[in-house]
Each structure stands twice: as structure tokens, then as C-alpha cells.
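Undergrad: Chains A and B supply the protein sequences, listed in that same order. All the letters of the first sequence, read from the start, carry residue numbers 1 to 345 under this note's numbering. All the letters of the second sequence, read from the start, carry residue numbers 1001 to 1402 under this note's numbering. For each residue, glycine too, the CB sits at the ideal point set by N, CA and C. Below is a structure I'd like to ask you about.
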Amino acid sequence: MRASVRTALVAAAIAASLLAASSALAANNATIAVSSSGAATAIHINVPQTTDPIAVISIFVPAGYTANLTAAPNTTIGSVDATANGHDVGLTLPLTGPVVTDSPAAHAADVCSPGTHAAVWNLNLSVAGSTLVLPLYVDPTAGDATALGAYQMRICLPPWDIPVGSPGRAFEGAQLLDANFTVKGIFTAPTAPGLLAWHTLFTPYTPGAGTPNLVGTFEARALVGAPSLSLKASKKNGRYTLSGTATEGGVPVSGASVAIQRGASATKLGKAGSATTGATGAWSASGKLAGKKPVFFKATATVKERDATAQGCATPLPATIAPGGCTSATLGAWTVSSPAAKLKP
Amino acid sequence: MRPSLAALAVACLLVAPSAGAGPADTPGVTATQILLGGTGPLSGPESQYEPVLTGAQAYFSYVNDHGGVFGRKIVYKVEDDSYDPAKTVQFTRQLVEQDKVFAIFNTIGTEHSLAIRGYLNQMQVPELFVGSGATSIAAQHAQFPWTLGLLPSFAGEGSIYGRQIAATKPGAKIAVLYENDEYGMDLLAGLKSGLGSHAGQIVSTASYEPTDVTVDSQVQQLKASGADTFVIFALPTQAIQAFVSAAKLGWKPTEYVTSISIDPAVMQIVHVNAGAQAGVGATSTAFLHDPTNPTQLKSPGVLLYRQVMKKYLPHEDWKAVAHLYGMMAAYAMVDALQHAGKNPTRQSLLQAATHMNEVNPFLLPGLKLTTSPSNYYPIGHTYLVRYLHGFWNVLGKPLKTS
Chain A
1 MRASVRTALV AAAIAASLLA ASSALAANNA TIAVSSSGAA TAIHINVPQT TDPIAVISIF
61 VPAGYTANLT AAPNTTIGSV DATANGHDVG LTLPLTGPVV TDSPAAHAAD VCSPGTHAAV
121 WNLNLSVAGS TLVLPLYVDP TAGDATALGA YQMRICLPPW DIPVGSPGRA FEGAQLLDAN
181 FTVKGIFTAP TAPGLLAWHT LFTPYTPGAG TPNLVGTFEA RALVGAPSLS LKASKKNGRY
241 TLSGTATEGG VPVSGASVAI QRGASATKLG KAGSATTGAT GAWSASGKLA GKKPVFFKAT
301 ATVKERDATA QGCATPLPAT IAPGGCTSAT LGAWTVSSPA AKLKP
Chain B
1001 MRPSLAALAV ACLLVAPSAG AGPADTPGVT ATQILLGGTG PLSGPESQYE PVLTGAQAYF
1061 SYVNDHGGVF GRKIVYKVED DSYDPAKTVQ FTRQLVEQDK VFAIFNTIGT EHSLAIRGYL
1121 NQMQVPELFV GSGATSIAAQ HAQFPWTLGL LPSFAGEGSI YGRQIAATKP GAKIAVLYEN
1181 DEYGMDLLAG LKSGLGSHAG QIVSTASYEP TDVTVDSQVQ QLKASGADTF VIFALPTQAI
1241 QAFVSAAKLG WKPTEYVTSI SIDPAVMQIV HVNAGAQAGV GATSTAFLHD PTNPTQLKSP
1301 GVLLYRQVMK KYLPHEDWKA VAHLYGMMAA YAMVDALQHA GKNPTRQSLL QAATHMNEVN
1361 PFLLPGLKLT TSPSNYYPIG HTYLVRYLHG FWNVLGKPLK TS
């Protein structure tokens, strides 16, 4: 074959593969949200059913976090709840189980992520006695990857859309749709203000082929900031007025539900109303003051996961890292309480 | 007085500090151990039964940590047959001829057990507590005396549903989904027998093959018959599909489902796929404790189960009743080994296994495990249960299955 013809054929093949990739990319999306409560860190991943099968998920823990990776093998460090579409049985399957540390040496030859890792956590996903164990590899980042975060967590998923009986095919043709996993005592968040991005790369399979489609890699981000809620109490003409502001990483939070409590002491409180934060994160409430004893107030703000793609994906990663772009940014759910405030009638 | 957990589990063991060496001609028995063999689906689409094997393993570990049987540790070697009877035969031969096991224990699957029955009886190797209630296993004990089942009779279970329908809904129009093998056909035959003069009220039946991807078309056909009572004689996956399919078709018959398919996860999956009302009110039978049922949490058997799970299978799904079934089978095996004597032989083990009168803590209260040379159905009674308020609730008194 002449060189020019060969070149043309190669170019055509590349063009075709890029077209195929872009057509697949059009539908691919996922979200990740991260929230913290005490020593627990919860990571929530959602992959729409229409997204191509996912081969690899790489979650980068932002710089400033520290991770305790010293737990001995066989230690339960958390739990996982997931939902999968079992294509072979036509059923949505709820999966649940513990997150358990494993010996990194036992995974040194894993095809998906060979080498010795700082830690390996097994996600045990059980349904009716059948357990699918997914290893999650954890390492401090090195080299260029440090730009994405301090640690990388990597998990590989088997393809579900290749023919039944193919080696390495997902059990029951299970397509992961949603996973919540929580680990305790592992991550410590930095105290600096601001929103931190958990960059997460999703590499899909080429549909029906069971081979990773690297040019289809796309990013989803979880945005995390330390939440806070202020409370100021004042009185006038036998009435009290409460006000405050909800922030997340120092940024005002609108739409947060604020539950107000009052009582005779800072530890004996009952329901006393509710409010919602406005565009500036501010909220207020008022009511009657009765009796002659001091009254204590406390407020607790709660928000659900929120889409923040417009601002969160404004600066996508380079195409060399995420050719599929940044498809979503999500602010995590949290609950935070104010300090107690005291009013004397 | 309520016995302690440890007492429950090991009271029947004679924990001698040292046992005599095994008879020289008894394979699998040494001064320090008893080697048992087994096969089951540790991988493949039917690996949902793996907990039957791991639950038994865990209970043997518990017994070993409490002194074993006459000082001998039980070693249970399990080979993965992927639920393929051909592999069951291959691995059983290997276990008998190369590993020289004392007995085969806890084989999973009717066809699988039948596939090795002739060989094991020819070799006079005990095939004990087979995971099947098929008529052919128990009823042919004269021809195959070395093979003993464990599950209640499938036909007897079917008969209970038939009697229940005849008694509570004598005008029922009945549709039946059943697996197209001995398991399903035994249940169907039992149902007809239990219905007696009402057997003609079965207006439609549909079978499925274990390899079928769905049972949707069968359920559509059964609904179209105009039936108001739906009897599901199916393994868990197909039972779930049947409940879901009926709900999605808007069919609301009185539902019955075989006891094989009442693991708590079955209804959980049904509800995820078809809403919280699907399957509610269904009737089945149960002989085992359900570790998730709030009314049974303080039962000594459930407490022992949780204790063994916590220590020996800490990362496994304790809610899977198959683990508890495996422990129930292992408890029976330990009992039989103990009664086989200090120097057991295959003959003495068979003698013990066919003369059992055991209170097994993993069985529901009031049930016993009894055998005789003419009774090869160890679990002869079971309870009706109904799915209400998120659990299978025990109804009434034990009912005879064999």
C-alpha cells in the first residue's frame, strides 16, 4: 500500500473515531458531591443511565486535606450504599455493605491499577447474599497530578454492555447508577476559607467494546466549603428578633432551610419556627417573648446538594486531562448549627 | 431456663481433650480433624447461594474454636461448581478420590445432588443435608440410602399452599408460575394435591427456564387468564421479576411465593422496582429464623447467628438468610458427627444422620429436625408466613410438609 493511501486511511479512521467519541460524549455526564459531618466524609456519585458505561473514576482530594491511610487491613472504615441497573435481570438493584481496608500488597497486580498503593479500600456491595467487591485505590498524588489534588482515589468498574459470558463483564450486567460511600476518621479538611474543588475524572468505555475510551474522559466536580451559621438575638416591646447569615466557605448560601429552637437552657430546646436564607445568605425570624426567665435560641441550617455547574465549571481542566470537558459541579449537602444565643426578657 | 448461646451451640458436643486416632480405613478422619467436602456456586449467576456455604464454614469455625467434635477440627473443603451439574460431578469425584473426604455435605441444587447421588451411593460416601426438598431425593432413600436431603419437601410445601387456598378462598381462580424442573414440578404437584377437589380452579400455568432473562411474557399470560390468585414457584430472581411484572401490569391477585424466595432482599428489590405496596400481603412458608425480623431479634438462634457472623464473616451481608440456612445445616452436621461416635465411620455417620431428633436453634420455635431410616425429610414441619409491615410474619402453628 502506498504511503499516501495509508495516511489517508489512518486519517479517516481517526476522524471516524473522533466523530464516534464526540457523539458518545454528547450524552455522557455524571455528578459528584462531597459532604462532611464530624469525622465522616460522604462521597455521592451519580451516573445517568444514558451515560456510556464507566471504566474508571478518579477522585482527587483537594490540596490542604490530610488523609489517615494507616488503618490495618480488614478494618471497617465506612459503608457504601449503591443502586445499579441489573441489565441481565431487568431490575434495579439496591446494594449495600461496609468499606473495608485491604492489604495493598494483595492488589499489586490488579490489571486496572497495578503497583503498590498507599491504601486499598474494598467497597463491598451486597444484595441478597451476593457481594461485588470493588477495590478503591488511594495514593498521594505525584508529579503533574498534584495540580489536581493531594490524594487520588481510583476505582475501576467492569463493562455491562458487552456480550453475556465475556470475560470481565459486570455481574448480572450491573450498571452503576448511584453510589454513596462514607468513610470515618480518614480525611481532615483544611480550615482555610473558600470553596475547594474535588476534581473527578470519569473515563467511559467505548460502547459495546469493553475498552476504555480515553478521549471520552470527562470531569465532574464536587465543591466543598466549611459551612457556618451566625445567630444574633435582640428584643423589643416583648418580642424577639433573630437574624443571621449562612455561608459555605465564606460564600453566602441562599435557599438554606433554617430551623429555629428555643428553650430554658442551651441544651433543652424545642421547635420554635423556621426561616429560609435569601440571596445574601441572610435570614430572620421573630416572635413573642413571655415570662421572666432567660430564653435561649439556636438555629440549624440545612441544604441539599445543589447544582453549581455554571460557576463551578467556568474554568475547565485542560483538554489533555479531560477531553470531554467539565460536565457538572455540585455543592454538597450539609447541616450546621449556630451557637446558642440568650435573651433576658 | 434459657440456655446460653454457647450452650446452645456446643451442648451436644462431647469436647473431649483428645480423640482417638480415626479408624485406619475411614477416609477423612484423623486424630485431629474431620474433612468434609462440598460443592456450590461460589461464582457465576447463581452465586447468590454462596452464603449457604460460607455460613456453614463460619459455624464450623465457631465449633472448632469451642473444641471441635471430640477434639477434632472440622475442615470443610468447598469447590466452586458454578451451579453446573457437570462440574458438581467432577469436583465431587475429586473430593472423594483425591482429597478423600469423610462425607459430602450441603450440596446446593436438586439436579446437582442427583447428578452425584449414584456415584456417592456406589462409593458408600454419605451425601448429607443436601439443599433440596425434591421428592426424588427423599422418596428414593431405599435405593439411595447414603443421600439425605434437608429442605422441607417441595411437594409438601406446595400442598400447604393448596390447602390454604382451598380453606380461605374456595372460589379462587389460580395462576401458577413454576420453574420447569423437578423443583417447580414438585411444588406444582403438591399444590394440586393440597387443593384436592379445587385443583380444577387452576386456570393457567406457565413455566420458565432458569436461563430465561425475564418472566414478563409468562406473567402477562397468567394475568390474561383472569386469575385472582397468583402462585409463584420460582427462585429469587424470577420471583422478584414476577412480583414486579404483576405490579407493573396493574394485576393485584392474592399472591403466594415459595419459601426459597423470601430472603428479606427479595421484597426490598421488589419495592425498589415496583413500589412499596408490591408483594404486600403475599403468603409463603418459613422454617428458618429471619435475622432482620424485629420479633425474632432476641431469639437465641438469631443471637447466636449474629455472634457467629460478627466474628467469622464480619464483612458479609448478615441480612442474607442464606447464611443462617448454612449455619442450620452445619449445626445438623455437627450433631450427626457427634452422634457418630468418638471413632466415626461413614456407616456410623449415616446411622446418626438417619436417627436425628434435634432442636436446631436456627429453626423457628416449635420445629425440630428429625429423621429415621424411613424418613429422609429432616424438616417435616413449617409455618405459614405473610408479608406485612416490612417482614414475613409467622402465622399460626407448624404445618406438616411430609
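Got a sec? Which residues, its chain only, sit under 7 Å from Glu1182(B) by beta carbon, not counting five neighbours each side?
TA: Taken in chain order, the residues that qualify are Thr1110, Ala1134, Ser1136.
Undergrad: Could you name the residues of the same chain whose beta carbon sits closer than 7 Å to that of Ser254(A), not counting the 5 residues immediately before and after it, in chain order?
TA: Cβ within range, chain order: Thr277, Gly278, Ala279, Gly281.
Undergrad: Return the CA-CA distance between Ala348(A) and Thr247(A), expressed in angstroms with no decimal places.
TA: With chain A running from 1 to 345 in the structure shown, residue 348(A) is simply not present.
Undergrad: Should Ser23(A) be labelled buried (16 or more other beta-carbon atoms within 10 Å of its own) or exposed?
TA: Any reading at Ser23(A) needs caution, since the residue's pLDDT is 43, under 50, leaving its predicted position unreliable; the model's value is listed next. With fewer than 16 Cβ atoms within 10 Å of its Cβ, Ser23(A) is classed as exposed.
Undergrad: Could you say which of Val1125(B), Asp1084(B), Phe1129(B), Asn1343(B) lies nearest to Thr1032(B) if we only look at CA atoms?
TA: When only C-alpha atoms are compared, the closest one is Asn1343(B).
Undergrad: Would you identify the three-state DSSP class for Arg1386(B), choosing helix, strand or coil?
TA: The answer is strand: DSSP assigns Arg1386(B) an E or B state.
Undergrad: Alpha carbon to alpha carbon, how far is Ala84(A) from Val100(A)? Give it in angstroms, no decimals.
TA: Distance between the alpha carbons of Val100(A) and Ala84(A) is about 20 Å.
Undergrad: According to DSSP, what are the bridge partners of Ala174(A)?
TA: BP columns for Ala174(A) point to Gly86(A).
Undergrad: Are Ser230(A) and Gly244(A) closer than 7 Å when you measure CB to CB?
TA: Cβ distance < 7 Å, so Ser230(A) and Gly244(A) count as in contact.
Undergrad: Would you list, in chain order, the members of the segment 1228-1250 of chain B that have their beta-carbon closer than 8 Å to a beta-carbon of chain A?
TA: Hits within the stretch, in order: Pro1236, Thr1237, Ile1240, Gln1241, Val1244.
Undergrad: Quick one, which residues of the segment 1035-1049 of chain B are near chain A if we go by CB-CB under 8 Å, in chain order?
TA: Within the segment 1035-1049 of chain B, the qualifying residues are Pro1045, Ser1047, Gln1048, Tyr1049.
Undergrad: For Phe60(A), write down the residues that DSSP places opposite it in a beta bridge.
TA: DSSP output for Phe60(A) lists Gln152(A) as bridge partner(s).
Undergrad: Taking the alpha-carbon of Thr1147(B) as reference, which of Leu1350(B), Tyr1331(B), Gly1396(B) has the nearest alpha-carbon?
TA: Closest by alpha carbon: Leu1350(B).
Undergrad: Does DSSP put Glu1079(B) in a helix, in a strand, or in coil?
TA: Glu1079(B) falls in the strand class under three-state DSSP.
Undergrad: If you count every other CB in all the chains shown that lies within 10 Å of the CB of Ala1319(B), and 16 or more means buried, which is it?
TA: In the sequence on display, residue 1319(B) carries Lys and not Ala. Buried is the call here.
Undergrad: Against chain A, which members of the segment 1262-1277 of chain B pass a CB distance test of less than 8 Å?
TA: The segment 1262-1277 of chain B vs chain A, Cβ under 8 Å: Asp1263, Ala1265, Val1266, Gln1268, Ile1269, Val1272, Asn1273.
Undergrad: Taking 7 Å as the CB-CB cut-off, is Thr1211(B) touching chain A?
TA: Not one chain A Cβ lies under 7 Å of Thr1211(B).
Undergrad: Going straight from the alpha carbon of Asp161(A) to that of Pro53(A), what length do you get?
TA: C-alpha separation (whole angstroms): 7 Å.
Undergrad: Secondary structure at Asn1180(B), three-state DSSP: helix, strand or coil?
TA: Reduced to three states, the DSSP call for Asn1180(B) is coil.
Undergrad: Distance, Cα to Cα, Ala67(A) vs Ile186(A)?
TA: Cα to Cα, Ala67(A) sits roughly 5 Å from Ile186(A).
Undergrad: Based on Cα-Cα distance, which residue from Val295(A), Val127(A), Pro62(A), Gly97(A) lies nearest to Ile77(A)?
TA: Closest option to Ile77(A), Cα to Cα, is Gly97(A).
Undergrad: Check Asn1375(B) in the structure and name its three-state DSSP category.
TA: Strand, per DSSP.
Undergrad: Please list the partners that Ser166(A) has in chain B, where partner means a Cβ-to-Cβ separation under 9 Å.
TA: Correct list: empty, because the minimum Cβ distance to chain B is about 14 Å.
Undergrad: Who are the near neighbours of Lys1422(B) in its chain, counting only those whose CB is closer than 6 Å to its CB and skipping five residues on each side?
TA: Since the first and last residues shown for chain B are 1001 and 1402, residue 1422(B) lies out of range.
Undergrad: Spatial neighbours of Ile1202(B) within its chain, please: CB distance less than 8 Å, with the 5 preceding and 5 following residues excluded, ordered by chain position.
TA: Here the set comprises Ile1174, Ala1175, Val1176, Leu1191, Lys1192, Leu1195.
Undergrad: Can you name, in chain order, every residue of its own chain whose Cβ lies under 6 Å from the Cβ of His117(A), other than the five neighbours on each side?
TA: Pro104, Tyr137, Asp139.
Undergrad: Is any beta-carbon of chain B found at less than 7 Å from that of Asn85(A)?
TA: Cβ-Cβ to chain B under 7 Å: no for Asn85(A).
Undergrad: Let me make sure I understand the geometry here. Which of Ala308(A), Ala147(A), Ser113(A) has the alpha-carbon closest to that of Ala222(A)?
TA: The option with the nearest alpha carbon to Ala222(A) is Ala308(A).
Undergrad: Could you run through the segment 1319-1344 of chain B and flag, in chain order, every residue whose CB is less than 9 Å away from some CB of chain A?
TA: Listed by position along the chain: Lys1319, Ala1320, Val1321, Ala1322, His1323.
Undergrad: Counting only runs of 3+ residues fully inside the segment 92-144 of chain A, write out the beta strand (DSSP E) ranges in chain order.
TA: Within the segment 92-144 of chain A, the complete beta strand (DSSP E) runs of at least 3 residues are 119-127, 130-140.
Undergrad: Do Gln1048(B) and Gly165(A) count as a contact pair if the criterion is CB distance below 7 Å?
TA: Cβ distance not < 7 Å, so Gly165(A) and Gln1048(B) don't count as in contact.
Undergrad: Tell whether a beta-carbon distance below 7 Å holds between Ile1034(B) and Phe1091(B).
TA: Cβ atoms of Ile1034(B) and Phe1091(B): not closer than 7 Å.
Undergrad: Quick check: is the beta carbon of Asp1181(B) nearer than 7 Å to any beta carbon in chain A?
TA: Not an interface residue.
Undergrad: Specify whether the segment 1151-1166 of chain B and the segment 1111-1123 of chain B touch according to this definition: at least 3 beta carbon pairs, one from each stretch, less than 8 Å apart.
TA: No: fewer than three Cβ pairs fall under 8 Å.
Undergrad: Output, in chain order, the set of chain A residues within a Cβ distance shorter than 8 Å of Pro1152(B).
TA: The premise fails here: Pro1152(B) is roughly 20 Å from chain A at the closest Cβ pair, so nothing lies under 8 Å.
Undergrad: DSSP three-state label for Ile1116(B), please.
TA: Three-state result, Ile1116(B): helix.
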